[in-house]
Amino acid sequence: MTLLKQALARVYEYRMYFLGVSGFVIAGLAVTYGVQTEDTVAALGALLFLPNAVVLLGIGLREQGLIGNLSPSGSNPE
Numbered sequence: 001m002t003l004l005k006q007a008l009a010r011v012y013e014y015r016m017y018f019l020g021v022s023g024f025v026i027a028g029l030a031v032t033y034g035v036q037t038e039d040t041v042a043a044l045g046a047l048l049f050l051p052n053a054v055v056l057l058g059i060g061l062r063e064q065g066l067i068g069n070l071s072p073s074g075s076n077p078e
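1 is the number of the first residue of the sequence shown in full-length UniProt numbering; add one for each residue after it.
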């Protein structure tokens with residue numbers, strides 16, 4: 001039970017990464033489908049997932065302190 005709680009805590013910690021990566025995967029699959037079926041609307045519509053995926057990855061990186069000037073308390077120091 002403790003191992004399960006630790007695993008869920010780790011997944012919760014990296015939730016923005018999972019959402020961002022899943023956005024890229026969904027967009028890639030949809031673009032591939034659109035190209036294979038010669039459906040331009042589906043291929044171009046799938047590209048709308050990309051900005052959201054980039055934003056989610058950016059949020060995840062900022063939460064981990066890998067980009068930006070975010071202090072541990074969650075507010076920017078001035």
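Glycine included, C-beta positions come from ideal geometry on N, C-alpha and C.
Asked, Found
"Glu13 to Thr2 span [Cα, whole Å]", "16 angstroms"
"Given Asn52 as reference, the closest of Ser22, Ala30 and Leu29 once Cα atoms are compared", "Ser22"
"Proximal residues to Leu57 (C-beta, below 8 angstroms), its chain only, five neighbours per side dropped", "Met16, Tyr17, Gly20 and Val21"
"Terminal residues of the alpha helix (DSSP H) in which Tyr14 lies", "Per DSSP, Tyr14 belongs to no alpha helix (DSSP H) and is neither H nor E."
"Buried versus exposed call for Gly68 [16 or more other C-beta atoms within 10 Å across all chains shown]", "exposed"
"Nonlocal neighbours in the same chain, by C-beta distance under 7 angstroms from Tyr33, ignoring five residues either side", "Ala42"
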